[in-house]
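Numbering follows full-length UniProt numbering, in which position 111 of the sequence shown is assigned residue number 111; successive positions increment by one, without gaps.
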Amino acid sequence: MVAGVRLLAYGRLAVRAVFSASALDLGSAIGPEAISSGRRGLSSSSSKPAKPQTEGTSTPASSPHVENVIASCAGFPKDMLNGPSTVLDKGVFGDDAWFISRFKNTFVVGVADGVGGWRKYGIDPSAFSRRLMRECEKRVQGGEFDPKKPESLLDFAFRASAESPRPVGSSTACVLVVHQEKLYSANLGDSGFMVVRNGKIISKSREQVHYFNAPFQLTLPPEGYQGFIGDRADMADKDEMDVKKGDIILLATDGVWDNLSEQQVLDQLKALDERKSNVQEVCNALALTARRLAFDSKHNSPFAMKAREHGFLAPGGKPDDITLVLLLIA
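Here's what the structure looks like:
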């Protein structure tokens, strides 16, 4: 993310990449589709183990009720100039942070995009986004949240982040909760999510910006300093909707949305919808495609089109950190 209206000309960047990915099956331990990054599957004595599924086959439609949620994460940091990317801190891709967690039969995921503008003040932009997501995850694991109010979870995490050791920084954030066959969402800024059913988009989050390229964001400024953009968690765009078996949910930071069109996302998700690829494979493919197009100077990216609408010239893709979490309601 670029803080304020600051457009740069980017050229192509050829890199070798090893990207981190993680998968979590709500009803059982991680299945064979997972690419391990050290995260373990979470289990609960109150939930029944999911029946193993044969690769490439469809789930029997004997019951429309949600029995399981499978989630995977993949991403890239923007800057990979020193060779292959290695994620040194679990849950972080560059200035982006994420978490996947659950409490009993409630499943919660989130992404946060640290504002890169803090770097010019000598501040690590990932410190705040990482702390925010960790505080969210901590509350979920302890059951200290209302599943119907993800904005409250975000607010609790923000206030906990302000406690010592207090990071300085800003971040957008989007938190999703799957609870009792409903999806509850809270989106602050220009990260966001998309829900796909039978190959069609049935819901998509709305971007929140103060002006072009200046999204809503939670902020912890240096003590005594004012004048930074800072919004409240309760200002997040909130929504709820029913979900059912077969629904696909893509949660991502703007590094994905600024480089992939809706049709490009749907084209990639088709393999999962038709059960030709599993969740982790499609998650990986989306991350790789967004990464490639971000450094394609000829790509007519969503960000480039948006910039033109506001009177700015920003051709090609938009190099940025890329983080996405892909969920399959099973």
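All C-beta atoms in this analysis are idealised placements derived from N, C-alpha and C, irrespective of residue type, glycine included.
Pull up the distance between the alpha-carbon of residue i and that of residue j, whole angstroms please.
i	j	result
phenylalanine 212	serine 261	18 Å
serine 249	leucine 327	Residue identity differs from the one stated: residue 249 is isoleucine in this sequence, not serine. Rounded to whole angstroms, isoleucine 249 to leucine 327 spans 5 Å at the Cα level.
leucine 218	leucine 266	31 Å
arginine 130	isoleucine 123	13 Å
lysine 244	valine 69	10 Å
lysine 78	glycine 316	15 Å
arginine 197	glutamine 141	29 Å
alanine 162	lysine 104	28 Å
proline 215	alanine 236	11 Å
valine 109	valine 177	7 Å
asparagine 300	glutamine 268	18 Å
lysine 120	lysine 238	33 Å
aspartate 320	arginine 275	30 Å
cysteine 136	aspartate 296	35 Å
alanine 304	aspartate 231	26 Å
phenylalanine 99	alanine 252	12 Å
If you measure from the CB of residue i, is any heavy atom of the ligand ATP nearer than 6 Å?
i	result
alanine 294	Although the ligand ATP was asked about, the structure shown includes no ligands whatsoever.
Keeping to the same chain, check which residues put their C-beta closer than 7 Å to that of residue i; ignore five residues upstream and five downstream.
i	result
lysine 270	Gly199
Am I right that residue i and residue j are in contact with their C-beta atoms under 8 Å? What's the rounded C-beta distance?
i	j	result
threonine 172	serine 191	5 Å
aspartate 146	proline 125	No, aspartate 146 and proline 125 are not in contact; Cβ-Cβ is about 30 Å, not under 8 Å.
serine 72	valine 279	5 Å
phenylalanine 247	isoleucine 322	The sequence as given places aspartate at residue 247; phenylalanine does not occur at that position. Incorrect: roughly 23 Å between the Cβ atoms, too far for contact.
serine 205	cysteine 174	7 Å
For residue i, count the other beta carbons within 10 Å of its own beta carbon; 16 or more makes it buried, fewer makes it exposed. Which is it?
i	result
tyrosine 184	buried
glutamate 144	exposed
histidine 210	exposed
phenylalanine 298	Here the sequence assigns lysine to residue 298, which means phenylalanine is not the residue at that position. Counting Cβ neighbours within 10 Å, lysine 298 comes out exposed, since fewer than 16 surround it.
glutamine 208	buried
glycine 75	buried
Below 8 Å CB to CB, which residues in the same chain sit around residue i once its five sequence neighbours on both sides are set aside?
i	result
glutamate 181	His65, Val66, Asp242, Val243 and Lys244
isoleucine 201	Met194, Val195, Glu262 and Leu266
glutamate 240	Lys148, Lys182, Leu183, Tyr184 and Ser185
Go through its chain and collect everything with a Cβ distance to residue i's Cβ below 6 Å, but skip five positions before and after it.
i	result
alanine 233	Glu151, Leu154, Asp155 and Phe158
4-residue-minimum alpha helix (DSSP H) runs that sit fully inside the stretch 198-277, ordered along the chain: 254-257 and 262-273
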